[in-house]
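Q: Below is a structure I'd like to ask you about.
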Amino acid sequence: MNTRQTISVILLLLGGLLAFMPLSGRYSLHEKPGHLLSEVLEESTGFTVDQVARFVSTGDSTVQLVDLRLSEEFAKFNIPGSVNLPYDEFLEKDLTPYLSQPGKKSILYSNGDTDAGYALVLARGLGYKNCYMMQGGLNSWFETVMNSEFTGEKISAKENALFESRMKARRLFNEVNSMPDSLKQKYIASKRFDPRKLDGGCE
Amino acid sequence: MKRNYMNPYVAGVMLGLVLLLAMYLSGRGLAASGGIKYCVVSLVGNLSEKHASQSVYYSKYFEDGQKPLKNWLPIEMFGILAGGFISGAVSGRLKFRIEKSPKISSTRRLVLAFLGGICFVYGAQLARGCTSGAALSGMAVLSLGGFVTMAAIFGSAYLFAFIFKRNWI
Amino acid sequence: MGPISSLPGFPAWLDLLFAFVIGTGFGFALEQAGFSSCRKLTGMFYGYDTTVIKVFFTAAIVALVGSQFLAYFGLLDLSLVFVNEYYINAALIGGVIMGAGFILGGYCPGTGLSALSIGKIDALFYALGGLTGAFLFAETYPAIVGIANAASRGPVRINEILGLSPGVFTFLLIGAAVCMFWIAEIAERKFARPEITREL
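Protein chains in written order, with our numbering: chain A, 33 to 235; chain B, 3 to 171; chain C, 2 to 201.
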């Protein structure tokens, strides 16, 4: 067989593999379920709402918040800077733009701990190691960041810092969520991973 | 000692592996006309800072005191020169000469080469890529723009080849 | 997981070193394939030498297949690899201008540079023309920016437009390429010009 024929056969075989092989390699979990569960139950995989409030109020760009609720719920209000990835679509979408942005931690949250917990197990199982969850979810966010008031006579420096960051996050939350839908869409869209920001091409 | 050219399919595999390496190491494809652009920008910037800062086009390459040559594309271009030279050296093909059809004069060839260069790089800047940047690398990432650009280049080249036949055959 | 340059803490100078190494491989492969010869390149359009299509499609397919396998084994994150955007008008008009440039000059920028590196004077003039062309573009940019940026569809992939999976499209492309290689070899015999190919 001459070179053309050899190359043609090899390429056709490889192409056939790509076309007909179920390329769902990324859907098989990379670790044993038991190990995954214990990994997720560890505290190091969770952030408190206060920590998230600090990320939000300082505009920390090394953090990406991922809101697991339905899109209608997301549209009503969401934590500023978060992107929407409804839990039911978790396994249908390509998760990389949401969970694997270079240099960014992804923090998942839902109303409580259930969806976020499941999603975190799946995410880490699929290999997205840079994922965490917001403990307590939006319920805890409202209780602590939005509605808590300082009671007592004197405030320590640490508590002061805590309440300041809660105030800032609260203000930002109200501001962004009271934007008209069109502006909010723009703000949300600007937070989405943009493949056009990659370096490349010939120009 | 002059070596023959490599078998085209083998050379294609080699080139494909280089492209794959570019994708794996730098997350981008190969490119050539981009490097030329950066050389021009750097030249203009050095010759006339005033012109560079006033132009919408040039000024964006000098923001924050950046040096245009300190970029992936021009460095890659220097690499192409180096790689070609090495290949020519090991294959005994290093020689100063003008390659042309015997039916035209050397002067005509040089003039056409100059004009061809102008056209090609102008078109490449417009289409955001040349045959390596848009077509080859574009095809390797399944980019629609890459396929369309390639079809446009090759399609129109066949047309022009017919028109300019006497210069080559 | 690749691309290496997107890993956290990656030093910028290392990417430039990659650029040089990759460029060297590029130039070497081009020259070895014979693309430092304008008569070999233009042979594609007159039938007597179809090296261009063989090298071009083999290279694109090897990279395409290789990147998909790397992605499958979790070694390369394809969403972080640049996909050039589709600007309809600019692609078509620029492509036609490039076609003219190819036949007039006998080179494309990559092959022209590899030809220059082995001492071809016509490639030198081509490169000088190239610099001039880039300069002209920069100077006429305000006039042409409208065309350059018109009708953008973003970084759309061809398999998405056709509704196919990347693997299936790759397979079809390989099929098409195999047919083209076969036709190319027939064409070379039919349009042979030994007086030229002997000299290459």
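Virtual Cβ for every residue (Gly too), placed ideally from N, Cα, C.
1) According to the neighbour-count rule (16 or more other Cβ atoms, all chains shown, within 10 Å of its Cβ), is residue 41 of chain A buried or exposed?
2) For residue 155 of chain C, which residues of its own chain have a beta-carbon under 8 Å away from its beta-carbon, when the five flanking residues on both sides are left out?
3) Which residues, in order along the region 4-16 of chain B, keep a beta-carbon less than 9 Å from a beta-carbon of chain A?
4) Could you check what DSSP says for residue 82 of chain A in three-state terms: helix, strand or coil?
5) Going by DSSP in three states, residue 106 of chain C sits in which element: helix, strand or coil?
6) Are three or more beta carbon pairs between the region 30-37 of chain B and the region 135-148 of chain B nearer than 8 Å?
7) Terminal residues of the continuous alpha helix (DSSP H) containing residue 56 of chain C?
8) Residues of chain B with a CB under 9 Å from the CB of residue 231 of chain A: which are they?
9) Taking residue 224 of chain C as the reference, give the member of C:134, C:79, C:84, C:91 with the closest Cα.
10) Using beta-carbon positions only, say whether residue 123 of chain C and residue 112 of chain B come within less than 8 Å of one another.
11) 8 Å is my cut-off, CB to CB: does residue 103 of chain C come that close to chain A?
12) Which residues in chain B sit within 9 Å of residue 35 of chain A, going by Cβ to Cβ distance?
13) To which residues does DSSP link residue 99 of chain A through a beta bridge?
14) Using 8 Å as the threshold, is the C-beta distance between residue 83 of chain B and residue 28 of chain C below it?
15) Does the CB of residue 135 of chain B have a neighbour CB from chain A at under 8 Å?
16) Whole angstroms is fine: what's the gap from residue 82 of chain C's alpha carbon to residue 128 of chain B's?
17) For residue 145 of chain B, which of helix, strand or coil comes out of DSSP?
18) Would DSSP call residue 85 of chain B helix, strand or coil?
19) If contact is defined by three or more beta carbon pairs under 8 Å, each pair taking one atom from either stretch, is the region 57-65 of chain B in contact with the region 128-147 of chain C?
20) Return the residue from the list C:186, C:78, C:72 that minimises the CA-CA distance to residue 55 of chain C.
21) Apart from the five residues on each side of it in sequence, which residues of its chain come closer than 6 Å, Cβ to Cβ, to residue 152 of chain B?
22) So is residue 110 of chain C buried or exposed if we call it buried at 16+ other beta carbons inside 10 Å?
23) Taking the alpha carbon of residue 80 of chain C as the point to measure from, which residue in A:124, A:134, A:109, A:181 has its own alpha carbon closest?
24) Give the residues from the region 132-148 of chain C that approach chain A closer than 7 Å (Cβ to any Cβ), ordered along the chain.
25) Between residue 1 of chain B and residue 49 of chain B, what straight-line distance do the alpha-carbon atoms span, to the nearest angstrom?
26) Confirm, please, whether the CB-CB distance from residue 198 of chain A to residue 177 of chain A is below 8 Å.
27) Just mark residue 170 of chain B as buried or exposed, buried being the case when its beta carbon has 16 or more other beta carbons within 10 Å.
28) Is any beta-carbon of chain A found at less than 8 Å from that of residue 33 of chain C?
29) What's the call for residue 172 of chain B, buried or exposed, on a 16-neighbour Cβ count within 10 Å?
30) I'd like to confirm the pairing. Which residues does DSSP put opposite residue 209 of chain C in its beta bridges?
31) For residue 115 of chain C, does the count of other Cβ atoms within 10 angstroms reach 16, so buried, or fall short, so exposed?
32) Please determine, among B:117, B:37, B:19, the residue with the shortest C-alpha to C-alpha distance to residue 234 of chain A.
33) Got a sec, what are the start and stop residues for the alpha helix (DSSP H) residue 16 of chain B sits in?
34) Quick check on the burial criterion: 16 or more other C-beta atoms within 10 angstroms. Buried or exposed for residue 180 of chain C?
35) Determine whether the beta carbon atoms of residue 4 of chain C and residue 27 of chain B lie at a separation below 8 Å.
A: Looking at the coordinates:
1) Walking along the first sequence from the start, residue 41 of chain A turns up at place 9. Exposed: under 16 other Cβ atoms inside 10 Å.
2) Along the third sequence, read from residue 1 onward, the residue named residue 155 of chain C stands at position 154. Counting only residues of its own chain and dropping the five nearest sequence neighbours on each side, residue 155 of chain C has a CB closer than 8 Å to the CB of 86, 87.
3) For the region 4-16 of chain B, which is checked against every Cβ of chain A, the residues closer than 9 Å are 9, 10, 11, 12, 14, 15.
4) Reading the first sequence from its first residue, position 50 is the one you call residue 82 of chain A. Judged by DSSP in its simplified three-state form, residue 82 of chain A adopts helix.
5) For the purposes of this step, residue 106 of chain C is identified with residue 105 of the third sequence, where counting begins at 1. Three-state result, residue 106 of chain C: helix.
6) The region 30-37 of chain B vs the region 135-148 of chain B: in contact.
7) Along the third sequence, read from residue 1 onward, the residue named residue 56 of chain C stands at position 55. For residue 56 of chain C, the enclosing alpha helix (DSSP H) starts and ends at 52-73.
8) Indexing the first sequence from 1 puts residue 231 of chain A at position 199. The contacting residues are 28, 29, 30, 74.
9) Not covered by the structure: residue 224 of chain C. The range shown for chain C is 2 to 201.
10) The residue given as residue 123 of chain C occupies position 122 in the third sequence. The residue given as residue 112 of chain B occupies position 110 in the second sequence. With respect to the 8 Å criterion, residue 123 of chain C and residue 112 of chain B are classified as neighbours on the basis of their beta carbons.
11) For the purposes of this step, residue 103 of chain C is taken as the residue at position 102 of the third sequence. No Cβ of chain A is located within less than 8 Å of the beta carbon of residue 103 of chain C.
12) As a working mapping, residue 35 of chain A is identified with position 3 in the first sequence. At a beta-carbon threshold of 9 Å, the residues of chain B lying near residue 35 of chain A are 9, 10, 11, 12, ordered along the chain.
13) Counting from 1 along the first sequence, the entry for residue 99 of chain A is found at position 67. DSSP, once it has assigned bridges, lists A:116, A:141 as partnering residue 99 of chain A.
14) Taking the second sequence and counting its residues from 1, one reaches residue 83 of chain B at position 81. Taking the third sequence and counting its residues from 1, one reaches residue 28 of chain C at position 27. One thing to note: residue 83 of chain B has its Cβ within 8 Å of the Cβ of residue 28 of chain C.
15) As a position in the second sequence, residue 135 of chain B is number 133, starting the count at 1. By the rule that beta-carbons nearer than 8 Å mark a contact, residue 135 of chain B touches chain A.
16) By one-based count along the third sequence, residue 82 of chain C stands at place 81. By one-based count along the second sequence, residue 128 of chain B stands at place 126. Residue 82 of chain C and residue 128 of chain B have their C-alpha atoms roughly 22 Å apart.
17) In the second sequence, counting from the first residue as 1, residue 145 of chain B sits at position 143. In the structure shown, residue 145 of chain B sits in a strand (DSSP, three-state: E or B).
18) To locate residue 85 of chain B, count along the second sequence from 1; it is residue 83. In the structure shown, the three-state DSSP call for residue 85 of chain B is helix.
19) Contact holds: three or more Cβ-Cβ distances are below 8 Å.
20) Counting from one through the third sequence, the residue named residue 55 of chain C turns up at place 54. Of the listed residues, the one whose Cα sits closest to residue 55 of chain C is C:186.
21) For the purposes of this step, residue 152 of chain B is taken as the residue at position 150 of the second sequence. Correct list, in chain order: 137.
22) The sequence position of residue 110 of chain C within the third sequence is 109, counting from 1. By the neighbour-count definition (other C-beta atoms within 10 Å, threshold 16), residue 110 of chain C is a buried residue.
23) Sequence index remark: in the third sequence, residue 80 of chain C carries index 79 (1-based). The residue with the shortest Cα to Cα distance from residue 80 of chain C is A:134.
24) Residues: none.
25) One cannot answer for residue 1 of chain B here, as it falls past the ends of chain B, which runs 3 to 171.
26) In the first sequence, counting from the first residue as 1, residue 177 of chain A sits at position 145. In the first sequence, counting from the first residue as 1, residue 198 of chain A sits at position 166. A Cβ-Cβ contact shorter than 8 Å links residue 177 of chain A with residue 198 of chain A.
27) In the second sequence, residue 170 of chain B corresponds to position 168, counting from 1. Buried, because 16 or more other Cβ atoms sit within 10 Å of the Cβ of residue 170 of chain B.
28) In the third sequence, residue 33 of chain C corresponds to position 32, counting from 1. No, residue 33 of chain C does not count as interfacial toward chain A.
29) The displayed coordinates of chain B run from 3 to 171. Any statement about residue 172 of chain B would go beyond what the structure contains.
30) Residue 209 of chain C is absent from the structure shown; chain C starts at 2 and stops at 201.
31) Locating residue 115 of chain C in the third sequence gives position 114, where the first residue counts as 1. Label assigned to residue 115 of chain C: buried.
32) As a position in the first sequence, residue 234 of chain A is number 202, starting the count at 1. Selected option, being the one with the closest Cα: B:37.
33) Position 14 of the second sequence, counted from the start, is the residue given in the question as residue 16 of chain B. In the DSSP assignment, residue 16 of chain B falls within the unbroken alpha helix (DSSP H) covering 10-28.
34) Position 179 of the third sequence holds residue 180 of chain C. By the 10 Å Cβ count, residue 180 of chain C comes out exposed.
35) To locate residue 4 of chain C, count along the third sequence from 1; it is residue 3. To locate residue 27 of chain B, count along the second sequence from 1; it is residue 25. Going by C-beta atoms, residue 4 of chain C is nearer than 8 Å to residue 27 of chain B.
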